[in-house]
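Student:
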Amino acid sequence: MRLLAQSDGSTALSDVGFSDNLVLDKFLVPFGDWMDQAFDWIASELRWLLSAIKWPFSTLNELLVRDIMENVPWFWIAVAFFVIGSLARNIKVGVFAGIGIGACGFLGDGFWQATIETIGFVSVAVFLCVIIGVPVGVACGRFDAVWSGVRPVLDAMQVVHAFAYILPFIALFGLGNVGATIVTMFFALPPVVRLTNLGIRQVPADVVEASRAYGAPEWRVLVDVQLPLSRAAIMTGINQTLLLAMSMLVIAAIMGATGLGSELFQAISRQEVALGANSGLAFYLVAVVFDRISQPEGAEGGLLRRIRRAWAHRRDPEVLIPDSARATAVADEAPQVQGEIAPLTAAERRSMMVAGAGGIIAMVSVFLTWNSGAGFLSAYGRTLDEYRPGESFNGLSASGGSWFGFVLLGLGLVVVAAAVTTMVTPGRGPRWFTADGATVASLAMLVMMAAYLLAAPSDLSTGYSAGIGPWVALIGGLVASAGSVVWIRLAPHAPDRPLSARIGWGRVVAAWFVVAVFAVGAFSVWSFDERTRLIISPETQVQLDELTASAEANPEQAGVIQSEMSALLTQLEPDDRIITDGVNSDGPGLGIWVLIAGLAGVVAVLPAAGVFGRDEHRQWRWSAITAGIGAGAACVGVGWIFTHIRSAETTAEGTYLSGVGSFLAIAGGLTLASTAAGVLKEFRRAKIYADDAAEEVSAGSDGQGDRQQEREVVT
């Protein structure tokens with residue numbers, strides 16, 4: 137009966153060739169379902185957090201527009217802009233600002249109401265951008281680790297168009313001014329962060345060191361030296377943020393925001409020229425006034441050109457800083473002293489050979505038997521793998537290790553390549569074919585295979601028996617990890633530049649954040665099964681069995697009976713899915729082991745961040761261990777997701793999909809590994825310089841010359 141109910145969908149996809157575009161339906165990455173699960177969880181479990189985020193936006197909007205501006209006569213608002221413009225820039229700008237804002241009132245009371253709503257909307261968005269962006273930019277400018285973590289986020293915020301993340305914000309915060317203001321702030325935030333970071337970094341180092349030499353504490357260095365000297369860059373960032381916020385008004389109107397953007401949107405929708413002209417004029421006047429007030433000294437160009445440049449340089453806003461404020465870089469023309477790369481020692485060679493042997497063992501293990509009699513993880517999503525008597529599967533088989541085997545093979549290859557490359561050409565091979573690269577890969581193998589062996593097989597897989605392959609892989613990971621840890625301890629590596637003397641508390645906080653992500657992921661959905669056969673109630677199953685027996689007894693009525701069975705199946709609830717999380721006994725339970733790996737990563741990050749001392753070599757070693765643990769956790773998520781992308785069946789009744797919990801395992805693991813990247817990339821194999829030997833030879837030559845001169849004088 138079960139095969140009869142599922143044959144149509146499976147057969148249709150199995151007949152599709154690899155060159156046919158329909159084959160893509162066999163390899164579905166359920167990213168949309170992951171996001172749907174994530175937003176549902178956030179909306180239900182983090183309602184208090186969403187309310188806390190909405191509070192400043194709604195409160196400031198209500199205070200500025202409803203409580204203040206709506207109760208103040210229009211001419212006093214114009215006077216206020218005159219005062220603000222005069223104080224911020226000069227009298228000329230103040231007069232223009234007052235006249236420009238006042239002119240909006242002469243378009244009618246409706247347009248004046250829209251004008252003050254727009255002023256409030258933009259002011260709140262830019263104010264919160266400054267409150268958040270300037271401190272974040274200062275932290276980025278003073279701490280490289282913070283900038284390394286923030287920069288990819290800023291890149292993503294600026295590359296993705298506002299339309300792409302309107303829907304998530306609507307889902308979380310709803311329609312109206314609050315959601316639109318949050319989207320506007322999200323879109324306009326990056327320039328002020330980037331340019332504040334750039335301004336702090338452009339402050340001359342000798343000025344900063346001089347202030348420290350005179351005994352100024354760090355907060356005085358920031359307040360009295362760095363912030364004043366970076367004022368031009370910060371003001372440029374605020375100006376660019378304001379221009380981007382103004383450019384978002386019409387998009388915000390799509391989200392239900394009121395103001396001039398809404399008037400423009402209605403004019404476009406209704407094709408009303410008069411409404412469009414009036415709202416466009418008011419929009420232009422407000423934009424010019426804001427631009428002139430926030431414009432940095434020495435800036436040139438009209439408003440439209442400046443808005444166009446702000447859009448064009450969203451990813452590199454530093455080019456918009458006035459030339460007078462740019463720091464000039466002086467090339468270091470000092471001659472580079474050449475040295476020889478430190479040779480290998482006998483102990484280092486032995487540890488490399490052990491690590492390489494572990495990698496070879498792991499690579500060989502994927503060709504051994506991983507399971508027999510039934511599939512292992514694939515049995516969760518494919519009916520065929522629930523019972524396969526007399527068959528055995530290796531680490532690369534879809535019913536065996538599948539993507540766990542592929543990842544293991546790749547990691548083992550990295551360990552072997554690192555050992556061979558360093559053995560043949562120490563210090564001259566690819567960057568990650570070194571001691572730290574081998575350590576990261578070997579620990580990733582160990583973490584992944586430990587989680588794989590601790591995972592539970594499907595309750596539906598009858599006849600399953602484990603093979604020797606995963607255990608050999610675990611042994612290979614242990615051997616490779618032991619050899620790599622000894623190798624990295626002996627390897628004469630040194631940083632290209634001294635590491636920061638400060639404790640990297642940011643890395644510790646990031647590691648705990650990863651643990652929180654792993655915890656959420658462990659209790660989130662790791663799989664949901666929509667296949668009808670698995671959610672049939674006992675009563676329905678009895679009816680289906682009776683219909684199946686009737687079809688076998690009356691073959692001529694098979695078509696009619698099949699229709700009755702299909703009708704019975706369609707009556708089942710479509711949302712009635714079997715859902716398992718990362719700790720549920722009905723699933724493999726991988727989430728709990730990923731969480732334990734995250735806790736181990738927190739322990740490893742403490743010495744890596746310098747909590748137990750400033751030994752740079754120790755920080756490097758533990759950074760590699762941290763990265764290996766994070767990479768291993770990510771590999772668990774990759775193995776689970778792509779195993780089911782490869783093998784899960786899609787039937788007419790539904791499919792088996794991985795959940796957002798496995799995606800969070802990947803995201804958290806990569807985040808944990810990235811906390812170590814800043815230290816790892818600084819280290820190279822040390823060089824030995826001949827300065828001391830040359831000095832000794834020179835001293836010896838001078839001594840011989842002096843003695844020869846003395847002999848000549850005596851003679």
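Numbering (the numbering used here), first residue to last: 137 to 851. Note that CB positions come from ideal geometry on N, CA and C, so glycine has one too. Keep in mind that this is a model prediction, so the values were computed, not measured.
Determine the extent of the beta strand (DSSP E) in which valine 661 is found, giving its start and end residues.
Tutor: The sequence position of residue 661 within the sequence shown is 525, counting from 1. Valine 661 -> beta strand (DSSP E) spans 661 to 665.
Student: Taking the straight line between their C-alpha atoms, what separation do you get for methionine 701 and glycine 285?
Tutor: Locating residue 701 in the sequence shown gives position 565, where the first residue counts as 1. Locating residue 285 in the sequence shown gives position 149, where the first residue counts as 1. The alpha-carbon atoms of methionine 701 and glycine 285 are separated by roughly 55 Å.
Student: Just curious, the alpha helix (DSSP H) that isoleucine 302 is in, first and last residue?
Tutor: Looking up residue 302 in the sequence shown gives position 166. Start and end: 302 to 309.
Student: Given that a residue counts as buried once 16 or more other Cβ atoms are within 10 Å of its Cβ, and exposed if not, what is isoleucine 204?
Tutor: As a working note, residue 204 is residue 68 in the sequence shown. Label assigned to isoleucine 204: exposed.
Student: Just the Cα atoms here: how many angstroms apart are isoleucine 761 and aspartate 572?
Tutor: Locating residue 761 in the sequence shown gives position 625, counting from the first residue. Locating residue 572 in the sequence shown gives position 436, counting from the first residue. Using only the alpha carbons, I get a separation of about 8 Å.
Student: By the DSSP assignment, the alpha helix (DSSP H) with leucine 513 in it spans what residues?
Tutor: As a working mapping, residue 513 is identified with position 377 in the sequence shown. Careful: leucine 513 lies outside any alpha helix (DSSP H) and carries neither H nor E.
Student: Out of Leu731, Gly238, Asp521 and Arg485, which has the shortest C-alpha to C-alpha gap to arginine 625?
Tutor: Position 489 of the sequence shown, counted from the first residue, corresponds to residue 625. Measuring from the Cα of arginine 625, the nearest candidate turns out to be Arg485.
Student: Taking 7 Å as the cut-off, decide whether the C-beta atoms of alanine 403 and leucine 396 are in contact.
Tutor: Along the sequence shown, read from residue 1 onward, the residue named residue 403 stands at position 267. Along the sequence shown, read from residue 1 onward, the residue named residue 396 stands at position 260. Result no, Cβ atoms of alanine 403 and leucine 396 do not sit closer than 7 Å.
Student: Relative to the alpha-carbon of leucine 610, which residue among Phe529, Ile497, Val552 and Val678 has its alpha-carbon at the smallest distance?
Tutor: Here residue 610 refers to the residue found at position 474 when the sequence shown is read from its first residue. The option with the nearest alpha carbon to leucine 610 is Ile497.
Student: Hey, could you find the ends of the beta strand (DSSP E) asparagine 530 is sitting in?
Tutor: Taking the sequence shown and counting its residues from 1, the one referred to as residue 530 is at position 394. Counting along the chain, the beta strand (DSSP E) containing asparagine 530 begins and ends at 524 to 530.
Student: Three Cβ pairs or more, each shorter than 8 Å: is that satisfied between the region 333 to 351 and the region 300 to 315?
Tutor: Cβ pair count under 8 Å is below three, so no.
Student: Here's a check: name, in chain order, each residue in its chain whose Cβ is nearer than 8 Å to the Cβ of alanine 233, leaving out the five neighbours to either side.
Tutor: Looking up residue 233 in the sequence shown gives position 97. Phe217, Phe218, Ile220, Gly221, Val425, Arg428 and Ile429.
Student: Do alanine 661 and glutamine 362 have their CB atoms nearer than 7 Å?
Tutor: Taking the sequence shown and counting its residues from 1, the one referred to as residue 661 is at position 525. Taking the sequence shown and counting its residues from 1, the one referred to as residue 362 is at position 226. Per the sequence shown, the amino acid found at residue 661 is valine instead of alanine. No, the pair does not count as a contact, with Cβ atoms beyond the cut-off.
Student: What does DSSP give as the partner residues of lysine 823 in its beta bridges?
Tutor: Position 687 of the sequence shown, counting from 1, holds the residue named residue 823. Lysine 823 pairs with Ile477.
Student: Cα-Cα, which of Ile213, Leu513, Pro566 and Val296 is closest to serine 778?
Tutor: Your numbering for residue 778 matches position 642 in the sequence shown. Before going further, note that residue 778 is phenylalanine rather than serine in the sequence given. The candidate whose alpha carbon is nearest that of phenylalanine 778 is Leu513.
Student: According to DSSP, is histidine 629 part of a helix, a strand, or is it coil?
Tutor: Taking the first residue of the sequence shown as 1, we reach residue 629 at position 493. Reduced to three states, the DSSP call for histidine 629 is strand.
Student: Which stretch, first to last residue, makes up the beta strand (DSSP E) that contains serine 810?
Tutor: Residue 810 sits at position 674 when you count from the first residue of the sequence shown. It is not in any beta strand (DSSP E) - serine 810 instead sits in the alpha helix (DSSP H) that spans 796 to 810.
Student: Helix, strand or coil, according to DSSP, for tyrosine 792 in the structure here?
Tutor: Taking the sequence shown and counting its residues from 1, one reaches residue 792 at position 656. The answer is strand: DSSP assigns tyrosine 792 an E or B state.
Student: In the DSSP output, what is isoleucine 715 paired with across the bridge?
Tutor: Counted from its first residue, the sequence shown places residue 715 at position 579. BP columns for isoleucine 715 point to Phe664.
Student: Pull up the distance between the alpha-carbon of aspartate 681 and that of tyrosine 523, whole angstroms please.
Tutor: Numbered from 1 along the sequence shown, position 545 holds the residue referred to as residue 681. Numbered from 1 along the sequence shown, position 387 holds the residue referred to as residue 523. Taking the straight line from one Cα to the other gives about 20 Å.
Student: Go ahead and pull the three-state DSSP assignment for threonine 377.
Tutor: Sequence index remark: in the sequence shown, residue 377 carries index 241 (1-based). Helix at threonine 377.
Student: Looking at the secondary structure, which residues open and close the alpha helix (DSSP H) in which lysine 228 lies?
Tutor: Taking the sequence shown and counting its residues from 1, one reaches residue 228 at position 92. 227 to 241 is the extent of the alpha helix (DSSP H) around lysine 228.
Student: Return the Cβ separation of cysteine 771 and alanine 553 in integer angstroms, given the expectation that the two are a contact with Cβ distance under 8 Å.
Tutor: Working through the sequence shown from its first residue, we reach residue 771 at position 635. Working through the sequence shown from its first residue, we reach residue 553 at position 417. In fact, because the Cβ distance is near 18 Å, the residues do not count as touching under 8 Å.
Student: Give the single residue among Leu182, Ala616 and Ile715 whose Cα lies nearest to the Cα of tyrosine 516.
Tutor: Translated into positions along the sequence shown, residue 516 becomes position 380. Answer by Cα proximity: Ile715.
Student: With DSSP collapsed to three states, give me the class of threonine 372.
Tutor: Along the sequence shown, read from residue 1 onward, the residue named residue 372 stands at position 236. Residue state, collapsed to three classes: helix.
Student: What do you reckon, are the CB atoms on glycine 718 and glycine 727 nearer than 7 Å?
Tutor: Against the sequence shown, residue 718 aligns to sequence position 582. Against the sequence shown, residue 727 aligns to sequence position 591. Yes, Cβ-Cβ distance for glycine 718 and glycine 727 is below 7 Å.
Student: For alanine 602, which of helix, strand or coil comes out of DSSP?
Tutor: The residue you call residue 602 lines up with position 466 of the sequence shown. Strand, per DSSP.
Student: Which residues mark the beginning and the end of the alpha helix (DSSP H) in which asparagine 313 is found?
Tutor: Taking the sequence shown and counting its residues from 1, one reaches residue 313 at position 177. 313 to 338 is the extent of the alpha helix (DSSP H) around asparagine 313.
Student: Please report the distance separating the alpha-carbon of proline 665 from that of tyrosine 792.
Tutor: Locating residue 665 in the sequence shown gives position 529, where the first residue counts as 1. Locating residue 792 in the sequence shown gives position 656, where the first residue counts as 1. Contrary to the premise, residue 665 reads as aspartate rather than proline in this sequence. Taking the straight line from one Cα to the other gives about 5 Å.
Student: What is the C-beta distance between arginine 330 and glycine 373, in whole angstroms, given that I count them as a contact (C-beta under 8 Å)?
Tutor: Taking the sequence shown and counting its residues from 1, one reaches residue 330 at position 194. Taking the sequence shown and counting its residues from 1, one reaches residue 373 at position 237. Confirmed, Cβ separation roughly 7 Å.
Student: State buried or exposed for histidine 297, treating a residue as buried only when at least 16 other CB atoms are found within 10 Å of its CB.
Tutor: The residue given as residue 297 occupies position 161 in the sequence shown. Histidine 297 is exposed by the Cβ-count criterion.
Student: From what residue to what residue does the alpha helix (DSSP H) around asparagine 197 run?
Tutor: To locate residue 197, count along the sequence shown from 1; it is residue 61. Residues 183 to 197.
Student: Please state if the CB of serine 347 and the CB of valine 359 are separated by a distance shorter than 7 Å.
Tutor: To locate residue 359, count along the sequence shown from 1; it is residue 223. To locate residue 347, count along the sequence shown from 1; it is residue 211. No, these two residues do not count as a Cβ contact at 7 Å.
Student: How would you write the range of the alpha helix (DSSP H) that tyrosine 588 sits in, first residue to last?
Tutor: For the purposes of this step, residue 588 is identified with residue 452 of the sequence shown, where counting begins at 1. That run of the alpha helix (DSSP H) goes 571 to 590.
Student: Taking buried to mean at least 16 other C-beta atoms within 10 Å of its own C-beta, is serine 143 buried or exposed?
Tutor: In the sequence shown, residue 143 corresponds to position 7, counting from 1. Low confidence applies here, because serine 143 scores a pLDDT of 36, under 50, leaving its location unreliable; read the following figure in that light. The residue in question, serine 143, is exposed, as its Cβ has fewer than 16 Cβ neighbours within 10 Å.
Student: Under the assumption that glycine 640 contacts alanine 745 (Cβ atoms under 8 Å), give the Cβ distance between them as a whole number of angstroms.
Tutor: Here residue 640 refers to the residue found at position 504 of the sequence shown. Here residue 745 refers to the residue found at position 609 of the sequence shown. Confirmed, Cβ separation roughly 4 Å.
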